[in-house]
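In the numbering used here, the protein residues as written are 231 to 334. To start, the structure itself, in structure tokens.
Right under this line is the structure:
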């Protein structure tokens with residue numbers, strides 16, 4: 231039962247940022263669509279761009295995608311699936327005491 235609850239929590243940790251990213255994308259799409267749809271209305275003197283909804287959508291989208299991308303990156307890093315430049319750096323090995331030490 232404990233494993234089921236931990237898996238459910240892990241799924242929720244991925245679903246919530248995914249929903250936030252999807253909602254942010256919808257906010258950005260709606261802001262852009264409303265702006266371009268106002269060009270066809272002859273009763274409006276100038277079209278109005280809803281910047282705050284667009285910025286809120288952009289932030290939600292970036293946070294959601296960044297969280298999911300970071301989750302996948304660190305999971306792949308743990309399983310050693312990433313390229314060598316993204317792998318964890320190991321400290322250099324100390325020299326052995328009985329080896330040749332340059333002339334002594």
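Glycine included, every Cβ here is placed at the ideal spot set by N, Cα and C.
Looking at C-alpha atoms only, which residue of the options is the closest neighbour of residue i?
i, options, result
"residue 382", "233, 257, 245", "For the chain, the structure presents residues 231 to 334; residue 382 sits outside this window and is missing."
"residue 285", "305, 308, 306, 251", "251"
"residue 253", "315, 278, 237, 288", "288"
"residue 255", "277, 243, 283", "283"
By the three-class DSSP mapping on this structure, what secondary structure does residue i have?
i, result
"residue 274", "coil"
"residue 306", "helix"
"residue 237", "helix"
What's the gap between the Cα of residue i and the Cα of residue j?
i, j, result
"residue 301", "residue 274", "46 Å"
"residue 263", "residue 295", "22 Å"
"residue 266", "residue 258", "13 Å"
"residue 235", "residue 247", "19 Å"
"residue 279", "residue 271", "14 Å"
"residue 324", "residue 318", "18 Å"
Less than 8 Å between the CB atoms is what I'm expecting for residue i and residue j, so what's the real figure, rounded?
i, j, result
"residue 307", "residue 316", "6 Å"
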